[in-house]
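One structure below.
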Amino acid sequence: MLCEAAEKSEPLVFGSRGLGGVAGFVVGSVALAVVARTWRPVVLVRDCEPIPGGDVVLGLDLSHPCDEVLEFAFSQAHRLGVPLRVVHGPRHPGGCGPTARARRPRPPRRSSPGLHVTAEIRPGHPARRLLDASHAAALVVIGRRDRDSCLGPRTGGLTRTLLHRSRTPVAVVPHD
Numbered sequence: 008m009l010c011e012a013a014e015k016s017e018p019l020v021f022g023s024r025g026l027g028g029v030a031g032f033v034v035g036s037v038a039l040a041v042v043a044r045t046w047r048p049v050v051l052v053r054d055c056e057p058i059p060g061g062d063v064v065l066g067l068d069l070s071h072p073c074d075e076v077l078e079f080a081f082s083q084a085h086r087l088g089v090p091l092r093v094v095h096g097p098r099h100p101g102g103c104g105p106t107a108r109a110r111r112p113r114p115p116r117r118s119s120p121g122l123h124v125t126a127e128i129r130p131g132h133p134a135r136r137l138l139d140a141s142h143a144a145a146l147v148v149i150g151r152r153d154r155d156s157c158l159g160p161r162t163g164g165l166t167r168t169l170l171h172r173s174r175t176p177v178a179v180v181p182h183d
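Mapping the sequence shown onto the working numbering, position 12 (from 1) lands on 19, and the numbers just tick up by one.
Now the structure itself:
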């Protein structure tokens, strides 16, 4: 039913009651299942106080930039009236060399007048970099590629980590 609701909304928003232990894991498993199966953006909102003045953080894989994810992040930053911070955390220091700098994140095709955009490229595990960036964010936006397996659709490790550990709302935007 939630996947059907997601197809009629943009985005579908999940709230969390702050349950811990087994109950929190069960709630998380429902959110993960919907995130893995729907082709609409899904946002998970924790039961936490919003961060005043927080920016929108976009986790971007420079080897697979995607217009849908970029458009969603830019539109949310514009809607909230806050800066957009693009974060890339290559796993290897080589991901920060001249080639990576040449592939810096670019704005989507439409213009976003008045929107302040910054980009950060720091080596390290991408999930750790995004969790660190989320501490001062109003929203974290990440993409999700189709990951079908013999067990059915699933999410990647970065998505699972952010959905389980980020206290900031996380938007997961599916793309090809």
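Every residue gets a Cβ at the ideal spot worked out from N, C-alpha and C, and that includes glycine. Computed from a predicted structure; not experimentally measured.
Please confirm if the stretch 132-141 is in contact with the stretch 77-90, defined as three or more CB-CB distances below 8 Å between the two stretches. no
Exposure of D62, with buried meaning 16 or more beta-carbon neighbours within 10 Å: One-based indexing of the sequence shown puts residue 62 at position 55. D62 should be labelled buried.
Once DSSP output is grouped into helix, strand and coil, what is the label at E56? Residue numbering aside, residue 56 sits at position 49 when the sequence shown is read from its first letter. Coil, per DSSP.
Selection from W46, L87, H71, K15 that minimises the alpha carbon distance to V147: The residue given as residue 147 occupies position 140 in the sequence shown. Nearest C-alpha to V147: L87.
Neighbourhood of T125 by C-beta, 8 Å cutoff - its chain only, sequence neighbours within 5 removed: In the sequence shown, residue 125 corresponds to position 118, counting from 1. The residues are P90, L91, R92, V93.
Excluding the 5 residues flanking F21 on each side, which residues of the same chain have their C-beta closer than 6 Å to its C-beta? Against the sequence shown, residue 21 aligns to sequence position 14. A38, L51.
Backbone CA spacing between I149 and T166 [nearest angstrom]: Position 142 of the sequence shown, counting from 1, holds the residue named residue 149. Position 159 of the sequence shown, counting from 1, holds the residue named residue 166. The alpha-carbon atoms of I149 and T166 are separated by roughly 8 Å.
Who are P181's beta bridge partners in DSSP? Locating residue 181 in the sequence shown gives position 174, counting from the first residue. P181 pairs with R151.
List the whole-angstrom C-beta distance separating E17 from P59, where the pair is believed to meet the contact cut-off of C-beta under 8 Å. In the sequence shown, residue 17 corresponds to position 10, counting from 1. In the sequence shown, residue 59 corresponds to position 52, counting from 1. Actually they do not touch by this definition, with Cβ atoms about 26 Å apart.
Can you tell me which of the three DSSP states P166 falls into? Translated into positions along the sequence shown, residue 166 becomes position 159. The amino acid occupying residue 166 in the given sequence is Thr; Pro does not appear at that position. Helix.
Is the Cβ-Cβ distance between L67 and H85 less than 9 Å? For the purposes of this step, residue 67 is taken as the residue at position 60 of the sequence shown. For the purposes of this step, residue 85 is taken as the residue at position 78 of the sequence shown. No, the Cβ-Cβ distance between L67 and H85 is not below 9 Å.
Residue range of the unbroken alpha helix (DSSP H) whose run includes L77: The residue labelled residue 77 in the question sits at position 70 within the sequence shown. That run of the alpha helix (DSSP H) goes 74-87.
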